[in-house]
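Line order of the protein sequences matches chains Y and L. Numbered per the numbering used here, the first sequence spans residues 80 to 222. Numbered per the numbering used here, the second sequence spans residues 166 to 331. Every residue, glycine too, gets a C-beta built ideally from N, C-alpha and C. Each remark here refers to the structure printed beneath this line.
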Amino acid sequence: MNKGFIVSVDALLAIVILFALLSLSFDSLKQDGGEARLQHMLGVLSYQSGKSLEVSGLLSDAVIADDTSGIRTFLDGLPFHLCGSVGVREDVDTNQFLFLVTKTGCSSSWGESVSSMRGFIVPSPPDANLHVAIVSVWINRGS
Amino acid sequence: MNRKGQIFSTDSLLALVVFTLVVALTAALIQQFQLTGEDAREQQADSSRTQRILYSLLSSPGIPSYWEDAGDWNAVSLIGLSDGGGFISPSKWSALQDWNGEDYPSLLSHFGIPDRNFYLSMWDLNHSLIEETGLPPVDANTVSSITLPSLYEGEIVMVQLQVHTQ
């Protein structure tokens, strides 16, 4: 008679597993939406940072004077929960950075970053040279 | 003889109790999932809207381009603060502050958030407040916030938009 009872240990275990799977699925779906939104926000921030650095002349000034303090001040001024770095190359085709500045207290190994690339002109009379800045931003997970 | 045929045996009663519990638990769990999903969707919509408003403010001069001189706020289709060259126009910012003082509800409608409040602030890189307008989110229930860099009077600034409900 006991064996015929429908709520056996197996059935209970199956129900527990079903609920666990359902919970995991909903949680996963929720996180996916949040992650996409975050990536988009970081993309906008990265683009806007590159634009501000270029238009203000901070990028070209840093190359000419070989002084990255202005860029570091900008990065340190980002909101506390955000990290960022700015790297400048002499050419699109090279992987060699002229300089790479990271926000104080941040490490680029703290997860996925979003980057944007921006070309800018460095005056070098009588010529002008095209340089490339790569601005990366990510969430500060170090605190 | 009749015991096995009796429908309300102890086993059947126990099975009924367990079945009811499982159904109730399932219903509660589904409701919880729905509520969580709705909260997440609402939060996502708030965040996207805040981002869209701030990006539009910083990247567009507005429609018409010289809306700050229009004199009639109803003639403004889109509010933008850009001077067209990547900087925030001081005259447009000043006009936004005037509009905020004169007719805050219509300003909210133009932003597409008639049922919410906004607070727009501008900070220098040393985190000192330069300009502000709107209603600060004091005792707000929900706050959606985004910060983007821009340029104001030759300097890089951080512009923060907070959209909140009270």
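Measuring straight from C-alpha to C-alpha, what distance separates Asn239/L and His275/L? Distance between the alpha carbons of Asn239/L and His275/L is about 9 Å.
Gly251/L at chain Y interface by Cβ criterion, 8 Å: Chain Y, which has a Cβ nearer than 8 Å to the Cβ of Gly251/L, makes this yes.
Keeping to the same chain, check which residues put their C-beta closer than 7 Å to that of Asp268/L; ignore five residues upstream and five downstream. Annotation for Asp268/L: Trp238 place their beta carbon closer than 7 Å to its own, counting only its chain and skipping 5 residues before and after.
Interface partners of Ile94/Y on chain L, CB under 7 Å: Per Cβ cutoff of 7 Å: Val187.
Give, in chain order, every residue of the stretch 95-107 of chain Y whose Cβ lies closer than 8 Å to some Cβ of chain L. Across the stretch 95-107 of chain Y, CB contacts with chain L closer than 8 Å involve Phe98, Leu101, Ser102 and Phe105, in sequence order along the chain.
Would Ile311/L pass as an interface residue toward chain Y - the criterion being a Cβ-Cβ separation below 8 Å? Yes, because at least one Cβ of chain Y sits closer than 8 Å to the Cβ of Ile311/L.
Quick check: what's the CA-CA separation for Leu186/L versus Ala193/L? Whole-angstrom Cα-Cα distance: 10 Å.
Kindly indicate if chain Y contains any beta-carbon less than 8 Å away from that of Met323/L. Answer yes: the Cβ-Cβ gap between Met323/L and chain Y drops below 8 Å somewhere.
Could you pull the start and end residues of the alpha helix (DSSP H) that Gly149/Y belongs to? Annotation for Gly149/Y: the continuous alpha helix (DSSP H) segment containing it runs Ser148 to Asp155.
Hey, is Tyr220/L's beta-carbon within less than 8 Å of any beta-carbon in chain Y? So yes, Tyr220/L belongs to the interface.
Can you name the start and end residues of the alpha helix (DSSP H) that Arg214/L belongs to? Note, Arg214/L: alpha helix (DSSP H), Thr175 to Ser224.
Does the pairing of the stretch 209-218 of chain Y with the stretch 158-170 of chain Y give three or more beta-carbon distances under 8 Å? Counting Cβ pairs under 8 Å, three or more are found: they touch.
Cβ separation of Asp304/L and Gln325/L, assumed to be a contact under 8 Å, to the nearest whole Å: At roughly 19 Å, the Cβ-Cβ gap does not stay under 8 Å, so Asp304/L and Gln325/L are not in contact.
Kindly say whether Ser164/Y, judged by its beta-carbon, lies nearer than 8 Å to any beta-carbon of chain L. Interface flag for Ser164/Y against chain L is unset, since no Cβ pair is found closer than 8 Å.
Using DSSP bridges, identify the partner residues of Met120/Y. Beta-bridge analysis with DSSP links Met120/Y to no other residue.
In the DSSP assignment, find the unbroken beta strand (DSSP E) run with Phe178/Y in it and report its ends. Phe178/Y -> beta strand (DSSP E) spans Phe176 to Thr181.
8 Å is my cut-off, CB to CB: does Leu178/L come that close to chain Y? Taking a beta-carbon distance threshold of 8 Å, Leu178/L does not count as an interface residue toward chain Y.
By the three-class DSSP mapping on this structure, what secondary structure does Tyr231/L have? Three-state DSSP puts Tyr231/L in coil, outside helix and strand.
State yes or no: is the C-beta of Gly266/L within less than 8 Å of the C-beta of Asn282/L? Cβ distance not < 8 Å, so Gly266/L and Asn282/L don't count as in contact.
Please confirm if the stretch 309-324 of chain L is in contact with the stretch 130-139 of chain Y, defined as three or more CB-CB distances below 8 Å between the two stretches. The stretch 309-324 of chain L makes contact with the stretch 130-139 of chain Y: 3 or more CB pairs, one atom from each, lie closer than 8 Å.
Limits of the unbroken alpha helix (DSSP H) element including Gln262/L: Pro255 to Glu267 is the extent of the alpha helix (DSSP H) around Gln262/L.
Which same chain residues end up closer than 7 Å to Gln118/Y when comparing Cβ atoms and leaving out the 5 residues on each side of it in sequence? Excluding sequence neighbours, Gln118/Y sits near Val193.
Tell me the rounded alpha-carbon separation between Val216/Y and Ser139/Y. Just so you know, the alpha carbons of Val216/Y and Ser139/Y end up roughly 20 Å apart.
Going by beta-carbon coordinates alone, are Leu177/Y and Val142/Y separated by less than 8 Å? Against a cut-off of 8 Å, the Cβ pair of Val142/Y and Leu177/Y comes out as a contact.
Residues that Gln331/L contacts on chain Y, provided the C-beta gap is smaller than 9 Å: Near Gln331/L there are no residues of chain Y at all, since even the closest Cβ is about 23 Å away, more than 9 Å.
Count Cβ pairs between the stretch 86-104 of chain Y and the stretch 153-160 of chain Y that sit closer than 8 Å; are there 3 or more? Here the stretch 86-104 of chain Y makes no contact with the stretch 153-160 of chain Y; the two share fewer than three CB pairs at distances below 8 Å.
Hey, does Gly156/Y have any beta-carbon neighbour from chain L nearer than 8 Å? Yes, its Cβ sits closer than 8 Å to a Cβ of chain L.
Can the beta-carbon of Leu243/L be found less than 8 Å from the beta-carbon of Ile228/L? Yes, these two residues count as a Cβ contact at 8 Å.
Quick one: measure Cβ to Cβ for Leu285/L and Pro279/L, integer angstroms, because I've assumed they're closer than 8 Å. In this structure Leu285/L is not in contact with Pro279/L, their Cβ atoms being roughly 17 Å apart against a cut-off of 8 Å.
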